[in-house]
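Peer 1:
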Amino acid sequence: MRSLLAFILCLAAQAACADADVFTVSADQWALQRSGAALVRLDPVREAVADWLGDREAHIVIQHAASDTGNLWADELQDWLVALGVPADHIGKRASADQPDDAVALRVEH
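Here the sequence shown is numbered in this note's numbering, starting from 53 and rising by one per residue.
Here it is as structure tokens:
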């Protein structure tokens, strides 16, 4: 019974992840001078926002490393997304032990 429940939970988690588009921002990309204009030229950010614009009920989840640096990076990216017009209640953050320190992932969850 437990293994069946674990299997069902695993399938549900995979289904939730399968319905998300993922765009990765590297630390090198993020290290460039930041401004609103520079961010919209950054491919992963531009593509994630464009994907969100196609489904305004979607949410952008910033998946970041489970560290202080990862959390600070996610906070700053969240502030920039709000400045670009994405409502704060459509942005979430998720710390992940699997996320490397040198990148964040923007997951557009439909």
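Virtual Cβ for every residue (Gly too), placed ideally from N, Cα, C.
How about residue 158 and residue 100: are their beta carbons less than 8 Å apart?
Peer 2: Yes; because the gap between Cβ atoms is below 8 Å, this pair is in contact.
Peer 1: Tell me whether the beta-carbon of residue 161 lies closer than 8 Å to the beta-carbon of residue 113.
Peer 2: Cβ distance < 8 Å, so residue 161 and residue 113 count as in contact.
Peer 1: Count the other C-beta atoms from every protein chain shown that fall within 10 angstroms of the C-beta of residue 156, then say buried if there are 16 or more, exposed otherwise.
Peer 2: Answer is buried; the Cβ neighbour count reaches 16.
Peer 1: Beta strand (DSSP E) containing residue 115: first to last residue?
Peer 2: Element bounds for residue 115: 111-117.
Peer 1: Between the Cα of residue 73 and those of 121, 150, 111 and 81, spot the shortest distance and give me the residue it belongs to.
Peer 2: Closest option to residue 73, Cα to Cα, is 111.
Peer 1: Could you tell me which of 118, 85 and 106 sits nearest to residue 150, measuring between CA atoms?
Peer 2: Answer by Cα proximity: 118.
Peer 1: Starting from the Cα of residue 95, find the closest Cα among 107, 78, 135 and 106 and give me that residue.
Peer 2: Among 107, 78, 135 and 106, the Cα nearest to that of residue 95 belongs to 78.
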